[in-house]
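These protein sequence lines map, in sequence, to chains A and B. Just so you know, the numbering used here puts 256 at position 243 of the first sequence, and the rest follows in order with no gaps. Just so you know, the numbering used here puts 950 at position 47 of the second sequence, and the rest follows in order with no gaps. Structure record follows, encoded as structure tokens.
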Amino acid sequence: MKQPETNGRRVFLSKLLGGGVAAAGALMALRTPALARVLEDKDEGFDPGEREYVFVVDVQKCIGCGNCVRACGIENNVPEGQFRTWVERYVVTHEGVHVDSPNGGMNGFEAIDPALREQAINAFFVPKLCNHCAEAPCVQVCPVGATFTSPEGFVLVDPEHCIGCGYCIQACPYGVRFLNKERRVADKCTWCYHRIRRGQQPACVTVCPTGSRSFGNVRDENDPVTQVLKDDQWDVLKPGMHTQCQVLYVGLPRVVV
Amino acid sequence: MKPSPRSHLYRLLLVLAVAGAGFVGLRQLAIPDSWNKEHWYRGDALDELAAQPSRFGGNVSCEGSSCHEPPANHKVNYDALSQGLHAGVACESCHGPLARHAADGEKLDHARLNVANALCFGCHQELVARPETFPQFSETLLYHELLNVRETSPCRACHNPHEPA
């Protein structure tokens, strides 16, 4: 007796199996190069020679005076209550870590609670700003190409092109972006791109009284920031993000996020 | 006249052609002229962002100015400052941005300021997070104790911010 239906099912199933294996093989072949590339990036790490500029923050020099935050606000017309740069105060105790940044540190800091001071085992200020990541998540997610990396390595926002959707604000692992409440577009630190183009230093660097902030061209042998690279004692925030930050922190305690 | 038996096809082709032309036209309008296809941004944005005016001039704008000569009081202050303990403090850190003081060679407003204790304490108030090596106010410092200096005593009675000691 003929059994065409059974034969049909067997043929179908064996073909399905063969096709599935072939498809999986093809997908693996496609996938492997991408996987390898990510791993390579991780191993190579950050090559400062690829970039022109770095911003150096020496945590041990910051006195929390707030000059940088005030200057940034004036230079870039940052709306009140929003910050392109800010200063955080860390107070480390055995019970936990207390972090505060009243008004972004713009008006300096008040003395901490005496009880907390008793417990403090370490305390310091950490200036924060856009890291101008070489692999910037904000640039990847922008749906209209309004956030981009300039040829010199600045991560910038084109305010005329930005539609204010806020994807980049969510994508930034460092929380440096905000929706400018006056212009209704994404806004953040530009490393004072307009000043750099004129040969000036960023406004925050200009007014920093202790040299906690510095900015320079790593391709210029005589630039003081190159010493930081030679010393090779810098850190970046959230290195696990693999964003290749161009803001290098010197003397950064490990507790900082 | 009898309509062509293929008129429905011609009509469809016409609609598609109009839609295609409309799409291409709108797309052309929507993409900025200076669009950088390689790095995906509007090329003109770079120069537009660079056109933002600087408001801080840096110490070079004070050092090089001849505005205050004679008697060049501000030159004296500048020279004293650049050799003293406040050498790292920029003029604009205390006096505010150049753009509020002068523009196009014209003076807009005084850059002087009222040196109250609050200005000094912005940096020199004792805070646990400040580096220990950084000078911070204390009533128990030797001279402060001898002279009975309190937190409310005017700093400027003894200290000159351009030549601090």
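Backbone N, C-alpha and C fix where the C-beta goes; we use that ideal spot for every residue, glycine too.
Can you pull the chain B residues whose beta carbon is under 7 Å from the beta carbon of residue i, in chain order?
| i | result |
| --- | --- |
| residue 73(A) | 1034 |
| residue 163(A) | 949 |
| residue 102(A) | 1032 |
| residue 199(A) | Within 7 Å Cβ-Cβ: nothing; residue 199(A) doesn't reach chain B, min ~13 Å. |
| residue 137(A) | 1032 |
| residue 77(A) | 1030, 1032, 1033 |
| residue 206(A) | 952, 953 |
| residue 211(A) | 957 |
Listing by chain order, which chain A residues have their CB less than 9 Å from the CB of residue i?
| i | result |
| --- | --- |
| residue 951(B) | 171, 172, 173 |
Taking CB distances under 9 Å as the criterion, tell me whether residue i reaches chain A.
| i | result |
| --- | --- |
| residue 995(B) | yes |
| residue 954(B) | yes |
| residue 958(B) | yes |
| residue 909(B) | no |
| residue 1064(B) | no |
| residue 1051(B) | no |
| residue 944(B) | yes |
| residue 1020(B) | no |
| residue 989(B) | yes |
| residue 939(B) | yes |
Identify the contact partners of residue i in chain B, using a Cβ-Cβ distance below 8 Å as the criterion.
| i | result |
| --- | --- |
| residue 214(A) | 961 |
| residue 133(A) | 1031 |
| residue 149(A) | Result: empty, since nearest Cβ-Cβ is about 12 Å, beyond 8 Å. |
Starting from the beta carbon of residue i, find every residue of chain A whose beta carbon is closer than 8 Å, and list them in chain order.
| i | result |
| --- | --- |
| residue 1068(B) | Going along chain A, no residue has its Cβ under 8 Å from residue 1068(B), so there is no contact; the nearest lies around 17 Å. |
| residue 926(B) | Correct list: empty, because the minimum Cβ distance to chain A is about 18 Å. |
| residue 1040(B) | Result: empty, since nearest Cβ-Cβ is about 11 Å, beyond 8 Å. |
Got a sec: is the Cβ-Cβ distance from residue i to anything in chain B below 9 Å?
| i | result |
| --- | --- |
| residue 98(A) | no |
| residue 80(A) | yes |
| residue 108(A) | no |
| residue 159(A) | yes |
| residue 89(A) | yes |
| residue 220(A) | yes |
| residue 223(A) | yes |
| residue 309(A) | This structure does not reach residue 309(A), given that chain A is present from 14 up to 270, and the question cannot be answered. |
| residue 7(A) | Outside the displayed span of chain A (14 to 270) sits residue 7(A), for which this structure offers no information. |
| residue 184(A) | no |
| residue 57(A) | Here the model assigns residue 57(A) a pLDDT of 42, short of 50, so the residue's position is not dependable and the matter cannot be decided. |
In the DSSP assignment, find the unbroken beta strand (DSSP E) run with residue i in it and report its ends.
| i | result |
| --- | --- |
| residue 169(A) | 168 to 170 |
| residue 102(A) | 99 to 105 |
| residue 136(A) | 135 to 141 |
Just reading off the alpha helix (DSSP H) that residue i is part of, what are its end residues?
| i | result |
| --- | --- |
| residue 65(A) | Premise fails: residue 65(A) is in no alpha helix (DSSP H) and is neither H nor E. |
| residue 916(B) | 910 to 933 |
| residue 130(A) | 127 to 132 |
| residue 1024(B) | 1020 to 1027 |
| residue 86(A) | 80 to 89 |
| residue 962(B) | 962 to 966 |
| residue 1049(B) | 1045 to 1049 |
| residue 261(A) | Premise fails: residue 261(A) lies in the beta strand (DSSP E), 260 to 263, not in any alpha helix (DSSP H). |
Assuming residue i and residue j make a contact with CB atoms under 8 Å, what is their CB distance in whole Å?
| i | j | result |
| --- | --- | --- |
| residue 112(A) | residue 133(A) | Going by Cβ atoms, the distance from residue 112(A) to residue 133(A) rounds to 13 Å, so no, they are not a contact pair. |
| residue 203(A) | residue 161(A) | The Cβ separation is near 12 Å, so there is no contact. |
| residue 121(A) | residue 81(A) | In fact, because the Cβ distance is near 11 Å, the residues do not count as touching under 8 Å. |
| residue 953(B) | residue 207(A) | 5 Å |
| residue 262(A) | residue 270(A) | No, residue 262(A) and residue 270(A) are not in contact; Cβ-Cβ is about 12 Å, not under 8 Å. |
| residue 100(A) | residue 114(A) | 6 Å |
| residue 147(A) | residue 259(A) | 6 Å |
| residue 1037(B) | residue 76(A) | 5 Å |
Return yes when at least one heavy atom of the ligand ATP lies under 8 Å from the C-beta of residue i, else no.
| i | result |
| --- | --- |
| residue 71(A) | The ligand ATP is not among the ligands present in this structure, which contains no ligands whatsoever. |
List, in order along the chain, the chain A residues whose C-beta lies closer than 7 Å to that of residue i?
| i | result |
| --- | --- |
| residue 1057(B) | By Cβ distance, chain A contributes nothing, its closest Cβ being about 19 Å from residue 1057(B), past 7 Å. |
| residue 992(B) | 222 |
| residue 1026(B) | 76, 78, 222 |
Along chain B, which residues have their Cβ under 9 Å away from the Cβ of residue i?
| i | result |
| --- | --- |
| residue 36(A) | Residues of chain B passing the Cβ test: none, with the nearest at roughly 32 Å. |
| residue 39(A) | Residues of chain B passing the Cβ test: none, with the nearest at roughly 30 Å. |
- [ ] Mind checking the segment 232 to 253 of chain A against chain B and listing, in chain order, the residues whose C-beta falls within less than 9 Å of any C-beta there?
- [x] Under the 9 Å Cβ criterion, the segment 232 to 253 of chain A contributes no residue.
TODO: Give the residues from the segment 115 to 131 of chain A that approach chain B closer than 7 Å (Cβ to any Cβ), ordered along the chain.
DONE: If you check each beta-carbon in the segment 115 to 131 of chain A against every beta-carbon of chain B, the ones closer than 7 Å belong to 121, 122, 124, 125, 130.
Open item on the list: Closer than 7 Å between beta carbons: that is the criterion. Which residues of the segment 998 to 1012 of chain B meet it against chain A?
Closed with: So the list reads 1000, given in the order they occur along the chain.
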